[in-house]
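Enquirer:
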Amino acid sequence: MIDVRKETNFGLREVTNEKKFLIIDCLSRYCHIFAPRKDIFLLKKQQTVYMAFPKRLSIPSLILSILLLTTAITNKVSAQDGKFLFSQNCASCHAINKKLVGPALAGVEDRWPDKTKLHSWIKNNAAFLKTGDPYANNLYNEYGKTAMNIFTQLSDKDIDAILGYISTTAKAGSGTTTTAAGDPNAAKGEESDNSLLFGILTLVLAVIALVLLQVNSNLKKLADVKEGIRSAEPVPFWKNKAYIAIVVVILFISGGYMTTRGAISYGRTINYQPVQPIYYSHKVHAGINQINCQYCHIGVYQGKQATIPSVNICMNCHMAINEYKGAKIYNEEGEEVNGTAEIKKLYKYAGFEEGKPWDATKAQPIEWVRIHNLPDHVYFNHSQHVKVGQVACQTCHGEIQKMNEVKQFAELSMGWCVNCHRETKVQFKDNGFYSIYEKYHADLKSGKIDSTKGVTVEMIGGTECQKCHY
Amino acid sequence: MSKQHWQSFGELNNSDAYKQSVNDEFQEQLPFEADDKGFLEAKHPRRDFLKFLGFSTAAATIAASCEIPFTKAIPFANKPEDIVPGNYMYYATTYVQDGDAVSVLAKVRDGRPIKIEGNDLSPITKGGTSARVQASVLDLYDTARLRFPTIDGNEATFEDVDKAVAAGIAGLGSAPIVILTSTVVSPSTKEVIAQFIAKHPGAKHVVYDAVSYSGILLANEATYGKKAIPTYRFDNAKVIVSLAADFLGTWLSPIEFAKQYATGKKIDEKNPEMSKHIHFESVASLTGSNADERFLHRPSETGAIAVALLAAVNGQAVTGIDDAKLKAGIEKAAKELVAKKGQALVVSGSNDKNVQIIINAINEALQAGGKTIDWSATYNTKAGIDSDFAKLVDDMNAGSVGGLLIFGANPAYTWFDSKKFVDGLKKVKLTVSFSGKADETTQLVKFVIPSNHYLESWGDAEIKTGYYSLQQPTIYPLFKTRQWQDSLLSWSGATGSYLDFLKQYWSAKVGGASGWDKALQEGVINPSTIAAAAASFNSSSVAGATSAIASYKKAAPNSTELYLYQKVAIGAGEGTANPWLQEMPDPVTKATWDNYLIVSPAKAKTLLNIDLTNNGQADAYEVKPPKHVVSITANGVTVKLPTLIIPGTHPDTVGIALGYGRAKELGKSVFDEEAGISVGANAFPFASLADGTVSFSIASVDLKDTGDKFPVALTQTHNIYNTAQGNRTEVMKELTLAEFKAKPTEILEDREAEVKPYGGLENYRALGTIYPDSMNDRPGIKWGMSVDLNTCNGCGACVVACTAENNVAIVGKPEVLRGHEMQWLRIDRYYSGSDLDNPKVVFQPLMCQHCDNAPCENVCPVAATNHSSEGLNQMTYNRCIGTRYCANNCPYKVRRFNWADYTGADSFPDNQKGIVNDVVLNMNDDLTRMVLNPDVTVRSRGVIEKCSFCVQRLQSAKLSAKKESRPLEDSDIKVACQQACPTNAIIFGNANDKKSNITTIRKDNPNRLFLSLEQLHVLPNVTYLAKVRNIEEEKKEA
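One line per chain: the protein sequences are A and B, in this order.
For the first sequence, my numbering begins at 5 and goes up steadily by one.
For the second sequence, my numbering begins at 10 and goes up steadily by one.
#1: Run through the DSSP bridge pairs and tell me what isoleucine 953 of chain B is partnered with.
#2: Glycine 108 of chain B and valine 194 of chain B look like a contact to me (Cβ under 8 Å); what is the Cβ gap, rounded to whole Å?
#3: Is the distance from the Cβ of phenylalanine 719 of chain B to the Cβ of valine 638 of chain B below 9 Å?
#4: So, does the CB of serine 314 of chain A fall closer than 9 Å to a CB anywhere in chain B?
#5: Give a yes or no on whether the minimum CB-CB distance between asparagine 87 of chain B and chain A is below 9 Å.
#6: Using only the alpha-carbon positions, how far apart do tyrosine 388 of chain B and leucine 261 of chain B sit?
#7: Scan the region 379–444 of chain B and note each continuous beta strand (DSSP E) run of 3 residues or more that stays entirely inside, going in chain order.
#8: Is the Cβ-Cβ distance between cysteine 185 of chain B and alanine 153 of chain B less than 9 Å?
#9: So is tyrosine 6 of chain B in contact with chain A if we call contact Cβ pairs under 9 Å?
#10: Based on Cα-Cα distance, which residue from B:Pro900, B:Val322, B:Ser506 and B:Lys435 lies nearest to serine 197 of chain B?
#11: Can you list the residues of chain A that leucine 977 of chain B reaches, using a CB-CB cut of under 8 Å?
#12: As a quick exercise: from A:Val410, A:Thr428 and A:Leu205, pick the residue whose alpha carbon is nearest that of threonine 460 of chain A.
#13: What does glutamine 921 of chain B touch in chain A if you count any residue whose Cβ is under 9 Å from its own?
#14: Between leucine 968 of chain B and chain A, is any beta-carbon pair separated by less than 9 Å?
#15: Along chain A, in chain order, which residues have C-beta atoms closer than 8 Å to that of lysine 791 of chain B?
#16: Could you name the residues of the same chain whose beta carbon sits closer than 7 Å to that of lysine 750 of chain B, not counting the 5 residues immediately before and after it, in chain order?
#17: Could you spell out the range, first to last residue, of the alpha helix (DSSP H) harbouring glutamine 825 of chain B?
#18: Which one of B:Ile178, B:Pro610, B:Ile982 and B:Thr192 has the shortest CA to CA distance from valine 105 of chain B?
#19: Please list the partners that serine 957 of chain B has in chain A, where partner means a Cβ-to-Cβ separation under 9 Å.
#20: Expressed to the nearest angstrom, what Euclidean distance is found between the alpha-carbon atoms of phenylalanine 88 of chain A and arginine 55 of chain B?
#21: What residues from chain A crowd round proline 459 of chain B, counting only those whose CB sits closer than 7 Å?
#22: Report the partner residues of tyrosine 839 of chain B according to the DSSP bridge assignment.
#23: Note down the Cα distance separating tyrosine 839 of chain B from leucine 114 of chain B, rounded to an integer number of angstroms.
#24: Which residues, taken in chain order from the region 874–900 of chain B, show a beta carbon closer than 7 Å to some beta carbon of chain A?
#25: Could you name the residues of chain B that glutamine 309 of chain A contacts, counting a contact when the two beta carbons are closer than 7 Å?
#26: Using a Cβ-Cβ distance under 9 Å, would serine 387 of chain A count as near chain B?
#27: So which residues on chain A does threonine 80 of chain B lean against when the C-beta distance must stay under 7 Å?
#28: At least one CB of chain B closer than 9 Å to the CB of leucine 26 of chain A: is that the case?
#29: Considering only residues of the same chain and omitting the five flanking positions on each side of cysteine 318 of chain A, which have a CB-CB separation below 6 Å?
#30: Check the Cβ of isoleucine 464 of chain A against every Cβ in chain B and list those closer than 8 Å, keeping chain order.
#31: In chain A, which residues lie less than 7 Å from valine 960 of chain B when you measure between Cβ atoms?
#32: Does the structure place the region 391–398 of chain B close enough to the region 431–444 of chain B that three or more beta carbon pairs sit under 8 Å?
#33: Give the straight-line distance between the Cα atoms of alanine 140 of chain A and aspartate 160 of chain A, rounded to the nearest whole angstrom.
#34: Tell me whether the region 244–256 of chain B and the region 356–372 of chain B touch, counting them as touching only if at least three CB pairs, one residue from each stretch, are closer than 8 Å.
#35: On the premise that alanine 348 of chain B lies in contact with leucine 375 of chain B, defined as a C-beta separation below 8 Å, what is that separation, rounded to the nearest angstrom?
#36: Taking the straight line between their C-alpha atoms, what separation do you get for tyrosine 270 of chain B and proline 132 of chain B?
Encoded structure:
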């Protein structure tokens, strides 16, 4: 496959993400369905599986997943909502099992004397503090009187979803907190293990059913012989039309499901987590050391690209920080990563020799492997979302502060974008630009527009084609 | 009012071919072979379809072994502080080409200049640009640019060349070195040249302009004692008379003049007054087409007309003019001029010193000095004197020139006697060219040291006295090139670079480093306002000039004269190698990719036997692209060219455009590899030296119809369409100033009458349809555009600007011949009235009208085109499946279909070889593609595209307003065509904003405002302001 987006960069170092030189490449789009990646050598072992499929997806588990599809969907909704809301609203200050700016939230419901109080605290803590609640005031003082943000836009349902997410995660995490760092895949593995279990169970049940059917027909035959009824020559089960029909139907449905699913998700490299030239841990930088995202990704408020930091930005800190002293880091394979050695790799790119003054002109750019790829016919601007829309980084990138190595969190599909545009409120009252929407302002006042839902991106035309495709 | 407008002769006659052509959107058949064999026996029967289907599936499966592209994200090693990747920046610089200098801003995206815009701070061009300025950014990425210095055609390093040239100079002995340039506008470069001359005794600097203004310069020397060209103030002139000066298109400073001219043509509805423009010319030009009144004459009569006009202005009788119409024209012009003394201006495009002396005398008699002619600032852009160069050629032939350093001049192509120049060049020992491309002269020299493109260069320009414009590089030189000033400096023994020199030169003048930085940032240094000044006139030469003109030989009554003119886009050949300019339809002829012989309808009758009033003959000429090839012989030169019949041309004059027939080394746009012929033919050899100046008119030529035919890619008959509701010509409305004054509401009433059956204008929007108004009650933004047909002069700057901004594909001549041109914005040229020989002309820019009730939207089977809440008619390329229903249903014919993969946006790069023209493939070169705007998707084959109102600019403007938390303002947005327009004819903005320009202009011009094809109830978001022509009475049509 020829990378048609390849272009010469005369005098340019930055490879930008808006090379819109190619638009409709349906062929190349669908030609990856069964395609193993050529860049396999850069990928982890688990990810050498075909990109379009969930890994280790077996036929039985698939059949089962069809059977369980409906229940699975209904079960997942609130937890997913909670996760989304948590990462969007809480994650910048709170972790579930760890104290950040705010307290660790595991068991928060048990700690609070009253659920309604907790709700009103979350919604508007400043107002709740004024009620003189002793628990709240203690908490406030304990955390150095750092005021929590106000979340009046969260409904009770939202808060329940968040709390639900916290309690399930806390429970799931309580056993694995220690291993989480060592094996971040553990939680993820659980799901597929379950489906394997269900799959085996289904298979066993199916075999039992088959055996019982055979037994039944044999018994019937024996009874017939006993009663002297002549029966037709028995048809072996592989020639039995009923069986064949059932198998064909199952194969057709499952095959169709897999193909469609594969085709739709083709090119959506969710969970893509390539090996980078330097083992750079966001967890260490943004998580443990609380470095603001914008410190390195300086473009995020200003332009289209968040921008990957240039070497001189890394060197701002790493001129001084030349060894890693934090907790041990383990990569996806569970091997320990030598943080100090990784810093030395940076020095090599920077052309920096310890103990000597650094000559920035000697620096070479680091060739990172690109993870988030949008199609070329999509216009995406970070500043539009982060500065104007006030969307948290985690909404699209996941809990990046907990990832050692970055992986693609969202599927980055059009449906995913559009859904968010449908639900997300614009900063309608705060941003002066929207003052021209007089009708909506009037409708908000008169209650014609539900003020809890607010004016969504969709209402100002955010789902129209030419907002992203031009 | 209801005046007949026509675009083609077929339309005028309502011929059969015309009637047929207006029936279909796409005038060609589908590429299937029609036969009567039935489905199975057909060339591609149903089974074949299944085979193809099977093959595609199999191919897709095989192709499935491809992997997802593995991409890298490489940040800067050290990010420059003020650069945000993905954001564009504007750098002020100066477009300089062969003496033309325009202050511009270069839009730079991630290190690449991708678009040129006008610099608003320049008091000369006031942010206006021309087609050539807009297209200049593509020249930067021209694949035919020279990439390294050469000695005798072999690559060499700068050190080698410097050494060899130094040795060459040392070996010259007493033979002088001559620096041959086009007009140098840069004061610092003049200083560099002076240093070089000081170091090399005997050296001199000769200025040669391909199309020089020697006549004016010499005439001004004779009458005003200054060899300079004063500033013309068309904005102060109420009456303008031009003797074939194409001042809106190519003459002297067209952007500046277009802007000034437009101020006189803008109409205040409450007090309708406008300037009057009377034009005398031989071959239809852009300026002549815009004139209120146009009179035709033979080129040889120019002098006589000038003398007669002088006499008439002085109150004497007009003598020496035989043509009664022309005589009346001169008398009328004189009458108008005298009535507006002090507010009148006469200009002439003649290069004849005597004619220009008479013109000066006329202006003096009209008291133009200090009012419409301002001597306080004179142009530095045209300084070449033809006789100087002629003398140099003689010297070269005499062997008395030792070295020749050439920059910006290409006499081997542009000098009429190029053979003599080439012969002389062979006798020069040391020849050096600094040309960036292997032009005709550069191919003949020993040392070639390519200079940088202007976007890679440092420099300055003094466009007019005291009006400076600075040049800064916007990209690191792409190739091993070096500014020619650096070469001169190093050969003069200077140690520093030209940049050091420039900084030093300016620092003192602008107040140190900070002053220099500010000047660079703004790009211009303007003088404090200087009062307009007159110059003292010395009339002693007038009598001599009059008698000299009287002695000119009169043309024999039956002779045919030839007039060589410059095209707006091509100039004297500067634009030939630029595909954007080649594909821009010429405003007057609507032809692309060629030059041709222009003849009048009367001449066509005698020469080609084509009677345009005869339906059959008009169709035979017009419908098929091949045109009669005529051989033109004069001065011992013969050229064969196809013929176009252009009304507005004198019956005994034919015209040929300069600038074609270039050397094939200049690129794919000048040479057709397949046919093995260059594009067009060179007309320079027809010129001659008369009285020391080059004359581009030839008194007598022989024309012979060769009987051959050659296709010319004309766009004038493309995109015509009639609907059941009315003809396309109704997109236009125009009236005369007299009519407008007498009855201002005429157009309003006309509109009212058109929509009366549907509830009248007031209720039309609601009652004209059975559907609810989707745009009703929409809060927020509603985009709208207004085009003033009075100030639009059809120059085409917007067409090229749109091409550059929106990555519009170049399709090449074979595709234009088939009507496949892709430009989103076209300028329709309408003739009006039934005077076939000299009709009135109206230009109408037509782009997607973004109809609120768009007929294209509801026929799209896949909803690839739909309406946005902001009133945009959105086109979503990746949804489009290419049914072309939309294009068929569009009454304006503004949708374009990608018939081939013009942009190479395909996974397989070379799959278009042999399908599209070489020049199109050349546009897909990695180098050329650097010009693409990364914010706009490049479309691939099989999708429809059209004007998007520059949605990428709208989105970016909204974003910047949102970031600053404030409502959108007019100053946030300028769409590409609006930005480029030198006359501000295009206004764009938010029509929901009561304070915006678009709302104001619509409110202030209720009587001129009209919507094209309003009666169709498509509810366009583009409004037009009707053309008002300043003529007293309209001759009633029969």
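For glycine and all other residues, C-beta sits at the position ideal for the given N, C-alpha and C.
Expert: Reading it off the structure:
#1: Reading the second sequence from its first residue, position 944 is the one you call residue 953 of chain B. The partner list for isoleucine 953 of chain B (beta bridge, DSSP) reads B:Phe906.
#2: Counting from one through the second sequence, the residue named residue 108 of chain B turns up at place 99. Counting from one through the second sequence, the residue named residue 194 of chain B turns up at place 185. The Cβ separation is near 6 Å, so the contact holds.
#3: Start at 1 with the first residue of the second sequence, and residue 719 of chain B comes out as number 710. Start at 1 with the first residue of the second sequence, and residue 638 of chain B comes out as number 629. Their beta carbons are under 9 Å apart, which means phenylalanine 719 of chain B touches valine 638 of chain B by this criterion.
#4: Locating residue 314 of chain A in the first sequence gives position 310, counting from the first residue. It does; some Cβ of chain B falls within 9 Å.
#5: By one-based count along the second sequence, residue 87 of chain B stands at place 78. By this cut-off, asparagine 87 of chain B is an interface position.
#6: For the purposes of this step, residue 388 of chain B is identified with residue 379 of the second sequence, where counting begins at 1. For the purposes of this step, residue 261 of chain B is identified with residue 252 of the second sequence, where counting begins at 1. C-alpha separation (whole angstroms): 9 Å.
#7: 382–388, 412–416 and 439–442
#8: Position 176 of the second sequence, counting from 1, holds the residue named residue 185 of chain B. Position 144 of the second sequence, counting from 1, holds the residue named residue 153 of chain B. With the sequence shown as reference, residue 185 of chain B is identified as proline, and cysteine is not the correct amino acid for it. Not a contact, by the Cβ cut-off of 9 Å.
#9: Outside the shown range of chain B (10 to 1047) lies residue 6 of chain B, about which nothing can therefore be said.
#10: Within the second sequence, the letter at position 188 stands for residue 197 of chain B. In this structure, B:Ser506 is the residue among B:Pro900, B:Val322, B:Ser506 and B:Lys435 with its C-alpha nearest to the C-alpha of serine 197 of chain B.
#11: In the second sequence, counting from the first residue as 1, residue 977 of chain B sits at position 968. Residues of chain A passing the Cβ test: Phe437 and Ile440.
#12: Within the first sequence, residue 460 of chain A is the residue found at index 456, counting from 1. Comparing Cα-Cα distances from threonine 460 of chain A to each of A:Val410, A:Thr428 and A:Leu205, the minimum goes to A:Thr428.
#13: Here residue 921 of chain B corresponds to residue number 912 of the second sequence, with the count starting at 1. Per Cβ cutoff of 9 Å: no residues; glutamine 921 of chain B is ~13 Å from chain A at best.
#14: Indexing the second sequence from 1 puts residue 968 of chain B at position 959. For leucine 968 of chain B, the answer is yes, since a Cβ of chain A falls inside 9 Å of its Cβ.
#15: Along the second sequence, one-based indexing puts residue 791 of chain B at 782. Within chain A, no residue comes near lysine 791 of chain B; the closest Cβ sits about 10 Å away, beyond 8 Å.
#16: In the second sequence, residue 750 of chain B corresponds to position 741, counting from 1. The answer, listed in chain order, is Pro281.
#17: Reading the second sequence from its first residue, position 816 is the one you call residue 825 of chain B. Note that residue 825 of chain B corresponds to valine in the displayed sequence, not to glutamine. It spans 822–826 - the alpha helix (DSSP H) in which valine 825 of chain B sits, taken as one unbroken run.
#18: Residue mapping note: residue 105 of chain B aligns to position 96 of the second sequence, counting from 1. For the residues B:Ile178, B:Pro610, B:Ile982 and B:Thr192, the minimum Cα distance to valine 105 of chain B belongs to B:Thr192.
#19: Position 948 of the second sequence, counted from the start, is the residue given in the question as residue 957 of chain B. Chain A residues near serine 957 of chain B: Gln470 and Tyr474.
#20: By 1-based counting over the first sequence, the position of residue 88 of chain A is 84. By 1-based counting over the second sequence, the position of residue 55 of chain B is 46. Their backbone Cα atoms lie some 52 Å apart in a straight line.
#21: Start at 1 with the first residue of the second sequence, and residue 459 of chain B comes out as number 450. None at all; the shortest Cβ gap to chain A is about 16 Å.
#22: Counted from its first residue, the second sequence places residue 839 of chain B at position 830. BP columns for tyrosine 839 of chain B point to B:Val851.
#23: Against the second sequence, residue 839 of chain B aligns to sequence position 830. Against the second sequence, residue 114 of chain B aligns to sequence position 105. Rounded to the nearest angstrom, the two C-alpha atoms are 33 Å apart.
#24: Asn875, Ser877, Ser878, Glu879, Leu881, Gln883, Thr885, Tyr886 and Asn887
#25: Within the first sequence, the letter at position 305 stands for residue 309 of chain A. Residues of chain B with a Cβ closer than 7 Å to the Cβ of glutamine 309 of chain A are, in chain order, Pro94 and Gly95.
#26: To locate residue 387 of chain A, count along the first sequence from 1; it is residue 383. Taking Cβ atoms only, chain B reaches closer than 9 Å to serine 387 of chain A, which makes this a yes.
#27: Taking the first residue of the second sequence as position 1, residue 80 of chain B is located at position 71. Chain A residues near threonine 80 of chain B: Arg374 and Asn377.
#28: The sequence position of residue 26 of chain A within the first sequence is 22, counting from 1. Confidence at leucine 26 of chain A is low in this model, with a pLDDT of 31, below 50, so the placement of that residue is unreliable and no value is reported for it.
#29: As a first step, residue 318 of chain A is located in the first sequence; it is residue number 314 there, counting from the start. For cysteine 318 of chain A, where only same-chain residues beyond five positions count, the Cβ hits under 6 Å are Leu350.
#30: Position 460 of the first sequence, counted from the start, is the residue given in the question as residue 464 of chain A. In chain order: Gly789 and Ser878.
#31: Here residue 960 of chain B refers to the residue found at position 951 when the second sequence is read from its first residue. Simply Gln470 and Tyr474.
#32: no
#33: In the first sequence, residue 140 of chain A corresponds to position 136, counting from 1. In the first sequence, residue 160 of chain A corresponds to position 156, counting from 1. Counting only the Cα atoms, aspartate 160 of chain A lies some 19 Å from alanine 140 of chain A.
#34: yes
#35: Here the question's residue 375 of chain B lines up with position 366 in the second sequence. Here the question's residue 348 of chain B lines up with position 339 in the second sequence. Between alanine 348 of chain B and leucine 375 of chain B the Cβ distance is about 10 Å, and since that is not below 8 Å, they are no contact.
#36: Against the second sequence, residue 270 of chain B aligns to sequence position 261. Against the second sequence, residue 132 of chain B aligns to sequence position 123. Tyrosine 270 of chain B and proline 132 of chain B: Cα-Cα distance of roughly 15 Å.
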